[in-house]
Every structure is written in structure tokens, then in C-alpha cells.
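**Q**
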Amino acid sequence: GATKAITMQRGLRVRGVLLDLSGTLHVEDTPTPRAVEAMARLKSSGIPFRFITNTTKEPKCELLARLGRIGFTVGEEEVFTSLTAARRVVEREKLRPLLLLEDSAKRDFEGVSTDEPNSVVVGLAPTHFNYATMNQAFGLLMAGARLIAIHKSKYFKTLDGLSLGPGPFVTALEYASGKTATVVGKPERAFYECVLREMGLGLDMDADGNNCNVTSSSVGECVMIGDDVSLDVHGSQSLGMKGILVKTGKYREGDESTISPPPAAVCNNLAEAVDLILGLSAS
Amino acid sequence: GCGCEIKPRLLGLACMRMSSITKGRRISAVLLDITGVLYESSAGGGREIPGSVGAVESLRKAGYKLKFCTNESQITRKALVSKLRKHGFSLTEEEVHSPAPACRRYLLDNGLRPYLIVHPSALADYEGLDTTSPNAVVLGDATDELSYPNLNKAFRILMNQPGSKLISLGKSRYYQEGDSLTLDVGPFMKALEYATNLEAEVIGKPSKTFFSSALQDLEVEPENAMMIGDDVVSDVGGAQSCGMLGFLVRTGKYRVEDENHATVKPDGIFDNLSQAIQLLLGSKC
């Protein structure tokens, strides 16, 4: 099928590209068609880009190694995960976190002081969702600590069925303490704001990188490429970005009609999305 | 004299204040919360809140009907009575109104086979119930039993069994244990509600049914009863929703913010049970 471009105009200056990983860059251990070559072209175009993912189980180093085995050479600074977003919030607000994260995920917080915590960071952490640790987190919240949640998913699939995600435990802490968690993972607004800021494309910045109060046009010139119409495309478009839906991974026929406004473009795969972006930028 | 314990020169002013406590109602029954009102719970067995033993005795001597209303499910009623007697309180099992009997009845009436997440010491209250192939989950203030594996098991039962029910023995956020606040059953009820999109059946305070059945036992109308507790939502709000007067005491889990709760306005606030009862008994002048 041909690439369908709906609202992406010639002359659109693409200032930044965000790309989903699983289902978009690769499916299991196989790159999507021409993806390696497409990423090389995107890189040489000079357009800033980031791979974004919601995973909280794998630290960056393991993720990069895995992508390497699939055939992609990805730099550490080219990947922005929900854990990265949480770390940025902690650093920016100078917080010392109690990390309810599995050991592997904690590695992405190396260097952050956790003494005398004044915040609680909650990710997918079954070994920490026990009464004693929950009580410890509750005590901190009652003493004024901030509550930060990577995401609030209700459950996830495991080999032996569905298992409780972090969402229920964040809800428990919110109810107990009377506080509302700041959710920082994809597809929260805070997540996109964080990664765009990282790329020098802040929502509060104008086209020349100056701070301004009005929602700037630079966001409208950022593109998100993903296979999840709801999380990737709708999530990013809600912020004013352009979303390109790719027909790989979890894409199902008709997904493009399930969101409003519809995706800015629908492409067969990531390589064709990059073609579209580079084609537009060339004019 | 009238038997007031207030100094004579304050009598006039005090009597004016005291009679407003009962809002002009004829009170014949007093419902009392246990932990945080009668005694403070802690690892070593806890201790009486000063004046509470005497307050209860004064109420009995003055002829008030009594009910001790608690959501606690960490030990059986029998063990709870025994524990309170060691602190000097005199009371019987029949006077303790707890969720376990109502929960049993609810399970049997609805053909439910429960997976119980309650403190091991409280399991005896559920003896004889069929717990095979569970199609219901009962959550209590089970401390360490509220573990990820147990909650996950509960979650799967609720998701996989058609018509499954989530039952929570109260929905309180926290209680006072030793010198700090500790998580109660409420947050874990909310966790499972969030995960499953189910609404829990709350058995115990602040459910109206719980308070109504206590009043039925005493054969007293709501207008002639009052509840005293340290939990502004479960004790005070719950009692008021039933038509009773609800009073808050500044002991146990009480926090200053409770006096400005968004929806619950206590009919009175006292430093402790002893002060409340002195004023109540003084109001008979």
C-alpha cells in the first residue's frame, strides 16, 4: 500500500523526531523493513531524534546491548526511557528518592543520592510491593515527600497469567496519603515535555530556542513515529506534535480511525515514515 | 448538687456547654471505637489511654447501653476482649460489634467461597466456611499478609471468576500503631478496585448497615445514640450517616486536619474519651 500523508505538508520543517522501539524499530529480534538503513539516513540528516520507550524493567545498558544484537548501533544519549524521565524530574527538583524499582532498573539512577529520602519513585517492582516497604513509602509521604510514578498500568501479561502492575500500588499510596502522584512515563505530557526539553525543543521555547510563555510552534514541528495508535500517536498529538502511525508491531487494520484527530500520516513502516520526513524536509 | 465533676464557679457556663453536646437529644446508648479511643495499640500489647477505663465504668454506672464498634480483624473478638480486660476494661464479647459475623453472613447468603487475606490470628472467625475454588476475596487489616503474591492471587480470582466479589472489612486509610501511622485495609481495597474495575462491598465502619445492626442489637433508635471515635470518616461520618451523633477524639490516629474535613463535621471534638464522658455525664444537670 502507498504511504498516505494526511496533514503533513511540504515545507514543514521537522525539528525533531521521536521513535518508538518495540513494534516500530524492530519486532522481537528482527528490524522492521529497511530500518537500519533508514536510521542511518535520519542520523546523517542532522535532525535531532530520540528513541522513546516505557520499559521500566531493563536498564539502558541492557537495552542498548539488545538493540546492538538486533543490528542497530544506538548511543546511550539517543534513548529516552520512562526511567530517564523520572530521573530528570528528581534531578531538576533536587529530590532524594526512595526507589520502588527492581534492582536492574535502579541502575538508571546511579549517582542520585537516596539518603534521607524526600520523595518516592514507583515503578514496576513486585519485590517492593510488600507491606513493610509500602508502609515505609507511606510514612515518607505523610512527612511531606513527593510521589512520582513511572506509570499507572493496572496489570501486565506474564507467563502464568495477568499480574498486578504499579498502578494499583500507586493508587493505594495516593488514597492513604491524600496525595496525587506525578506520572512521568509515556504517554504522559510530562514525559514528552521532558524528552523534548532534552532535545532543546521545549514546549516553552520558541523556534529560536528562546523561552516564551505561549505554547510554541516548535512542538508542531516535532514528529512521533509509533505502532500504538493510542499511546504513541494520540499521546503525542495531544501535545501538538505530528503523529505517524506505522503498520507494524501491534498495528491492527482500522486503528487510524479510532483516534481523533486522526494520525498526521499512516506509513507501512518506520523506513517509509523516515522517507516521508526526509522528503518533506528536503523541500 | 447535680454530681457534676466541674468546679462550682464554672458550673453555669459548663452546664450551658454540656447540654449543647447532646444537641437536645435524649441519649441512652453510646457506641465506642476501640483502638485509639480505649487504648493505643503497639507491639508490646499496647496501653490504656489515660482515663478510658474510668470513662467506660462511669457510663455503665450511669445506665447507658454500650457497644464497642471496631473494624479490627487482626485477632478474634474473644482474644480482643481478653486483651482489653488485661488493661482494666470490663466488657463482654456480645458488646463488641465487629465485621467478622456480618462478613460470614454475607458470604453464606450470597453463596461466596472466600480467599481470605486477614491476619492469621483472625482466621478462627471464618471457621467452617467453604474456601475451595474461591469466588470472593475478603480483605482485612492483615499487615504482612497484604503481600504482592497474596494480592496478585486475589486479583486473579476477581478477574477470572464470573460474579466474583471483593469484600473489604472497612476502608480506613491508616491507624495508629506505637508512635506512628500504619497502613490500614483501605489503600489495598482501592488497589484491587483500580486493578479490576470492581467496586468493593465494605462490611464494617463506615457502612450504615454496620451501625444499624449495632443499634438494633441495643434496641435503640439512632436519635438516641452517639458514637465516639478517632477516625473522622469511618467513626464520625459513618455514625452520622446513620442518624446518630458523631464525636471525634484527639487520640489514636487523629490529625489536626481532621477537624477541617471536607465533608464530615463532627458534632463535637474532645481531647480524649475521658473528657467527652465527663462532659456528657455532667450534662445531666
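In the order they appear, the protein sequences are chains A and B.
Note that the numbering used here has the first sequence beginning at 1, numbered continuously upward.
Note that the numbering used here has the second sequence beginning at 1001, numbered continuously upward.
Think of the CB as a built atom: it goes at the ideal place given N, C-alpha and C, for glycine as much as any other residue.
For L98 (chain A), would you say it is in contact with chain B, using Cβ-to-Cβ distances shorter than 8 Å as the test?
**A** As a first step, residue 98 (chain A) must be located in the first sequence, where it is residue number 98. Chain B, which has no Cβ nearer than 8 Å to the Cβ of L98 (chain A), makes this no.
**Q** With DSSP collapsed to three states, give me the class of I259 (chain A).
**A** Numbered from 1 along the first sequence, position 259 holds the residue referred to as residue 259 (chain A). In this structure, I259 (chain A) counts as coil in the three-state DSSP scheme.
**Q** Tell me the DSSP secondary structure of K247 (chain A) in three-state form.
**A** By one-based count along the first sequence, residue 247 (chain A) stands at place 247. In the structure shown, K247 (chain A) sits in coil (DSSP, three-state: anything other than H, G, I, E or B).
**Q** How would you list, in chain order, the residues of chain A whose beta-carbon sits under 7 Å from the beta-carbon of Y1194 (chain B)?
**A** Here residue 1194 (chain B) refers to the residue found at position 194 when the second sequence is read from its first residue. K154, G167, P168 and T171, listed in chain order.
**Q** Return helix, strand or coil for C222 (chain A), following the three-state DSSP convention.
**A** As a working mapping, residue 222 (chain A) is identified with position 222 in the first sequence. Here C222 (chain A) sits in strand by DSSP.
**Q** Taking the beta strand (DSSP E) that S1180 (chain B) falls in, what are its first and last residues?
**A** Translated into the one-based positions of the second sequence, residue 1180 (chain B) becomes position 180. Start and end: S1180 to L1183.
**Q** For a cutoff of 8 Å on Cβ pairs, would you count L162 (chain A) as touching chain B?
**A** Sequence index remark: in the first sequence, residue 162 (chain A) carries index 162 (1-based). True, the Cβ-Cβ gap to chain B drops below 8 Å.
**Q** Would you mind working out which of A:P126, A:S236 and A:R41 sits nearest L196 (chain A), comparing C-alpha positions?
**A** Along the first sequence, read from residue 1 onward, the residue named residue 196 (chain A) stands at position 196. The candidate whose alpha carbon is nearest that of L196 (chain A) is A:S236.
**Q** Is the stretch 177 to 185 of chain A in contact with the stretch 137 to 147 of chain A, if contact means three or more CB pairs nearer than 8 Å?
**A** The stretch 177 to 185 of chain A vs the stretch 137 to 147 of chain A: in contact.
**Q** For the alpha helix (DSSP H) that contains V79 (chain A), what are its first and last residues?
**A** Here residue 79 (chain A) corresponds to residue number 79 of the first sequence, with the count starting at 1. First-last for V79 (chain A): V79 to T81, but that is the beta strand (DSSP E), not the alpha helix (DSSP H).
**Q** Identify the contact partners of G139 (chain A) in chain B, using a Cβ-Cβ distance below 8 Å as the criterion.
**A** For the purposes of this step, residue 139 (chain A) is taken as residue 139 along the first sequence, with counting starting at 1. Under the 8 Å cutoff, chain B gives S1180 and L1181.
**Q** Within 10 Å of its beta-carbon, does C1103 (chain B) have 16 or more other beta-carbons around it, so buried, or fewer, so exposed?
**A** Within the second sequence, residue 1103 (chain B) is the residue found at index 103, counting from 1. So C1103 (chain B) counts as buried.
**Q** Is A1225 (chain B) close to chain A, meaning its C-beta is less than 8 Å from at least one C-beta of that chain?
**A** The sequence position of residue 1225 (chain B) within the second sequence is 225, counting from 1. No, A1225 (chain B) lies away from the interface with chain A (no Cβ there is under 8 Å from its Cβ).
**Q** Cβ of N1152 (chain B) less than 8 Å from any chain A Cβ?
**A** What you label residue 1152 (chain B) is simply residue 152 of the second sequence in a count that begins at 1. N1152 (chain B) counts as touching chain A.
**Q** For G1178 (chain B), which residues from the same chain have a beta carbon less than 7 Å from its beta carbon, with the 5 sequence-adjacent residues on both sides left out?
**A** The residue labelled residue 1178 (chain B) in the question sits at position 178 within the second sequence. Around G1178 (chain B): S1042 and A1043.
**Q** Reducing DSSP to helix, strand and coil, say where G167 (chain A) ends up.
**A** To locate residue 167 (chain A), count along the first sequence from 1; it is residue 167. Helix.
**Q** Nearest-angstrom Cα distance between Y1242 (chain B) and S1212 (chain B)?
**A** In the second sequence, the residue the question calls residue 1242 (chain B) occupies position 242. In the second sequence, the residue the question calls residue 1212 (chain B) occupies position 212. In the sequence as displayed, the identity of residue 1242 (chain B) is Cys instead of Tyr. Answer to the nearest angstrom: the Cα atoms are 7 Å apart.
**Q** Span of the alpha helix (DSSP H) holding C1103 (chain B)?
**A** Within the second sequence, the letter at position 103 stands for residue 1103 (chain B). Per DSSP, C1103 (chain B) belongs to the alpha helix (DSSP H) from P1099 to D1109.
**Q** Whole angstroms is fine: what's the gap from M8 (chain A)'s alpha carbon to L18 (chain A)'s?
**A** In the first sequence, the residue the question calls residue 8 (chain A) occupies position 8. In the first sequence, the residue the question calls residue 18 (chain A) occupies position 18. In a straight line, the C-alpha of M8 (chain A) is about 16 Å away from that of L18 (chain A).
**Q** Here's the rule I'm using: 16 or more other beta-carbon atoms within 10 Å means buried, otherwise exposed. How should G1229 (chain B) be labelled?
**A** For the purposes of this step, residue 1229 (chain B) is identified with residue 229 of the second sequence, where counting begins at 1. Buried.
**Q** Which runs of the beta strand (DSSP E) spanning at least 3 residues fall entirely within the stretch 1034 to 1085 of chain B, listed in chain order?
**A** 1065 to 1069, all fully within the stretch 1034 to 1085 of chain B.
**Q** A265 (chain A) lies in the beta strand (DSSP E); which residues open and close that run?
**A** The residue you call residue 265 (chain A) lines up with position 265 of the first sequence. It spans A265 to C267 - the beta strand (DSSP E) in which A265 (chain A) sits, taken as one unbroken run.
**Q** For G1036 (chain B), would you say it is in contact with chain A, using Cβ-to-Cβ distances shorter than 8 Å as the test?
**A** The count along the second sequence starts at 1 and reaches residue 1036 (chain B) at position 36. Not an interface residue.
**Q** Determine, using beta carbons only, whether A1191 (chain B) comes closer than 8 Å to chain A.
**A** As a first step, residue 1191 (chain B) must be located in the second sequence, where it is residue number 191. Yes, A1191 (chain B) lies at the interface with chain A (some Cβ there is under 8 Å from its Cβ).
**Q** Between which two residues does the alpha helix (DSSP H) carrying S119 (chain A) extend?
**A** Mapped onto the first sequence, residue 119 (chain A) falls at position 119. That residue, S119 (chain A), is in no alpha helix (DSSP H); its beta strand (DSSP E) goes S119 to V122.
**Q** Let's see if you can read the secondary structure: which residues bound the beta strand (DSSP E) around A53 (chain A)?
**A** Position 53 of the first sequence, counted from the first residue, corresponds to residue 53 (chain A). Note that residue 53 (chain A) corresponds to Thr in the displayed sequence, not to Ala. F49 to T53 is the span of the beta strand (DSSP E), which, as asked, contains T53 (chain A).
**Q** Which residues bound the beta strand (DSSP E) around Y1254 (chain B)?
**A** Taking the first residue of the second sequence as 1, we reach residue 1254 (chain B) at position 254. Counting along the chain, Y1254 (chain B) falls outside any beta strand (DSSP E), and DSSP gives it neither H nor E.
**Q** May I ask which residues mark the beginning and end of the beta strand (DSSP E) holding S1168 (chain B)?
**A** Position 168 of the second sequence holds residue 1168 (chain B). That run of the beta strand (DSSP E) goes K1165 to S1168.
**Q** Between the Cα of K57 (chain A) and those of A:P33, A:F51 and A:E102, spot the shortest distance and give me the residue it belongs to.
**A** Position 57 of the first sequence holds residue 57 (chain A). The shortest Cα separation from K57 (chain A) among A:P33, A:F51 and A:E102 belongs to A:E102.
**Q** Which residues of the stretch 124 to 139 of chain A have a Cβ closer than 8 Å to any Cβ of chain B? Give them in chain order.
**A** For the stretch 124 to 139 of chain A, which is checked against every Cβ of chain B, the residues closer than 8 Å are P126, T127, F129, N130, Y131, A132, M134, N135, F138 and G139.
**Q** So, does the CB of A176 (chain A) fall closer than 8 Å to a CB anywhere in chain B?
**A** If you number the first sequence from 1, residue 176 (chain A) lands on position 176. Interface residue, yes.
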